[in-house]
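Report on the structure given below.
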Amino acid sequence: MKPANSVLSAYETSVFEVMSRLARENDAVNLGQGFPDTNGPDDVRRVAVEATEKGPNQYPPSPGLPELRQAVAAHGKRFYGLDLDWQKEVVVTSGATHALASCFLGLIEPGDEVVLFEPTFDTYLPMVRRAGAIPKLVRLQPPDWKLPREELRRAFSPKTKLIVVNSPMNPTGKVFSRDELQYIADLMLEFDAYAVCDEVYEHLVFDGLKHIPLMTLPGMRERCARIGSAGKTFSLTGWKIGYVTAPPNLWQPIFRAHQAVIFSVAPATQKAVAYGLGKDDAYFASLAAELQGKRDRMAAGLARAGLDVLPCHGTYFITVDIKKLGFNGDDVEFSKRLVADARVATIPLSVLYEGEVPRTLIRFAFCKQDAVLDEASRRLAKHFGAA
Ligand code: PMP
Ligand code: GLN
8 MKPANSVLSA YETSVFEVMS RLARENDAVN LGQGFPDTNG PDDVRRVAVE ATEKGPNQYP
68 PSPGLPELRQ AVAAHGKRFY GLDLDWQKEV VVTSGATHAL ASCFLGLIEP GDEVVLFEPT
128 FDTYLPMVRR AGAIPKLVRL QPPDWKLPRE ELRRAFSPKT KLIVVNSPMN PTGKVFSRDE
188 LQYIADLMLE FDAYAVCDEV YEHLVFDGLK HIPLMTLPGM RERCARIGSA GKTFSLTGWK
248 IGYVTAPPNL WQPIFRAHQA VIFSVAPATQ KAVAYGLGKD DAYFASLAAE LQGKRDRMAA
308 GLARAGLDVL PCHGTYFITV DIKKLGFNGD DVEFSKRLVA DARVATIPLS VLYEGEVPRT
368 LIRFAFCKQD AVLDEASRRL AKHFGAA
């Protein structure tokens, strides 16, 4: 029989799926796949319930319900001063995952080069390659994951179509500084490149830092597609509502890809997210404050268990380096052992790298109830003989 597509066939089942399955099988605390264990804001869910009951429940406009596109544009203005035309610059997608795919399918021409930072979120490379691009990977190094400027410059060439910038960054918890973004912007201008900006954790930034969309830097408004996710902003990851904002010349092909792949997204959840994006500043501030408290709680628990905790300034995730534990095996084996023996599920970072991968970094999701984080910490302390 003829083979299926070779690009996608080469990839394994996602680590997030695998670790969530192992968590269920081992009755483990799941700090692997990043999803909150609460139900999202009551008022936002109520709007979805009412909209489902009242309808309409038929196909909404392909780019998204007008009220959600307007809300996304208003949110861009409110938080970042962006002036967006909701009709020509916003498209509502089935989560950020589908937004990313639409950007890659819409913007990449076979043979283009795409610059990405390692560790990479797991859907980037399969889709970038499926779209026909040649990835150019630039590795960030722990503990601070600073931008390696010279290496980044070497990754750019006249063939560079775009760079993928994920800030705040999963899994590193890095928040790109204005200075780093400016360096990226300068390269984009020099090499006539675009950026796909994965900003799903835009509201999950800690320690008084500010999220800066690359799109807000001089000359970047015309070159960036900015992606957000209601999953993260409203702790409703299962809803899979994402949105892209992009200038009309980029919006067109991104929208065409969206239209060809899924056409439109469930209307009731769109309505609810439109409502949610209009919530007052206190909502967004308390979301970040609450997550920062959980970051601190988890970091303390990991340190008590004797693990080396790396800095984290945003997202749902904190990473430890297990080098000094002297574990006889790599990070994947470590994670498998941990889920079976300590009954705590995690994500080994090596699966988010290619080539000579680091083998001692383990990610923990802290977007969980305090009691759950405490139970995980207790299990880890016991497992590592610290309790
Ligand atoms: N990008 C990053 C960096 C993520 O961590 C995630 C996690 N879910 C996504 C995109 C996908 O978001 P969504 O669930 O909205 O598809
Ligand atoms: N973003 C989530 C994480 O990093 C996973 C999303 C997914 O399962 N695709 O854990």
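So the sequence shown is residues 8 to 394, counted in our numbering.
For each residue, glycine too, the CB sits at the ideal point set by N, CA and C.
Exercise. Please confirm if the segment 113-133 is in contact with the segment 141-150, defined as three or more CB-CB distances below 8 Å between the two stretches.
Key: Judged by pairs of C-beta atoms under 8 Å, the segment 113-133 touches the segment 141-150, as three or more such pairs exist.
Exercise. Measure the alpha-carbon distance for R366 versus A192 and round it to whole angstroms.
Key: Their backbone Cα atoms lie some 32 Å apart in a straight line.
Quiz item: Run through DSSP, which three-state label would K301 get?
Solution: Helix.
Quiz item: Mind checking whether Y323 and C374 have CB atoms under 8 Å apart?
Solution: Result yes, Cβ atoms of Y323 and C374 sit closer than 8 Å.
Quiz prompt | the ligand PMP heavy atom lying under 7 Å from the CB of G39 | solution = No, the Cβ of G39 stays beyond 7 Å of every heavy atom of the ligand PMP.
Practice problem: To the nearest angstrom, report how far apart K95 and A78 are at their CA atoms. | Solution: Each residue's Cα considered, the two are about 14 Å apart.
Quiz item: Using a threshold of 7 Å, is the CB atom of G357 nearer than that to any non-hydrogen atom of the ligand GLN?
Solution: Gly is not the amino acid found at residue 357; the sequence shown has Ser there. In this structure, the C-beta of S357 stays at least 7 Å away from each heavy atom of the ligand GLN.
Quiz prompt | Backbone CA spacing between E60 and K278 [nearest angstrom] | solution = So the two alpha carbons sit approximately 12 Å from each other.
Exercise. Check R350 in the structure and name its three-state DSSP category.
Key: Three-state DSSP puts R350 in coil, outside helix and strand.
Quiz item: If you draw a straight line from the alpha carbon of V379 to that of M26, how long is it in whole angstroms?
Solution: Each residue's Cα considered, the two are about 17 Å apart.
Quiz prompt | Euclidean distance between Cα positions of F194 and F163 | solution = Here residue 194 turns out to be Leu, not Phe, going by the sequence shown. Cα to Cα, L194 sits roughly 8 Å from F163.
Quiz item: For the segment 358-372 against the segment 281-297, are there 3 or more C-beta pairs whose distance is under 8 Å?
Solution: Because the criterion of three Cβ pairs below 8 Å is not met, the segment 358-372 and the segment 281-297 do not touch.
Practice problem: Could you have a look at V36 and say whether DSSP puts it in helix, strand or coil? | Solution: Here DSSP, grouped into helix, strand and coil, assigns V36 to strand.
Quiz item: Where DSSP assigns a beta bridge to T326, which residues make up the other side?
Solution: By DSSP's assignment, T326 forms a beta bridge with R370.
Exercise. Only counting runs of 4 or more residues, tell me where the alpha helix (DSSP H) segments fall wholly within the segment 234-285, in order along the chain.
Key: You should have 237-240, 255-268, 274-284.
Quiz item: Can you tell which of N12, S101, A30, C319 has the C-alpha that lies nearest to the C-alpha of G39?
Solution: Among N12, S101, A30, C319, the Cα nearest to that of G39 is on A30.
Quiz item: Is it true that the CB of I248 sits closer than 8 Å to the CB of A232?
Solution: One thing to note: A232 has its Cβ no nearer than 8 Å to the Cβ of I248.
Quiz prompt | Opposing strand residues paired with A202 [DSSP bridges] | solution = Note: A202 sits in a beta bridge opposite I170, C231.
Quiz item: Which ranges does the alpha helix (DSSP H) cover as unbroken runs of at least 4 residues, wholly within the segment 116-185, from first to last along the chain?
Solution: The qualifying runs are 131-137, 156-162.
Self-check item: Enclosing beta strand (DSSP E) for V98 [first to last residue]
Solution: Its beta strand (DSSP E) spans residues 97-100.
Self-check item: beta-carbon A103 near the ligand PMP non-hydrogen atom, thresh 7 Å
Solution: Correct: A103 has its Cβ closer than 7 Å to the ligand PMP.
Practice problem: Could you spell out where the alpha helix (DSSP H) holding Y66 opens and where it closes? | Solution: First-last for Y66: undefined, no H or E at that position.
Quiz item: Just checking my contact of Y201 with V171 at CB under 8 Å: how many whole Å lie between their CB atoms?
Solution: Going by Cβ atoms, the distance from Y201 to V171 rounds to 10 Å, so no, they are not a contact pair.
Quiz item: Taking 7 Å as the cut-off, does the CB of S236 come closer than this to any heavy atom belonging to the ligand PMP?
Solution: Indeed, a heavy atom of the ligand PMP lies less than 7 Å from the Cβ.
Quiz item: Based on the DSSP secondary-structure assignment, which residues constitute the bridge partners of P355?
Solution: DSSP output for P355 lists I369 as bridge partner(s).
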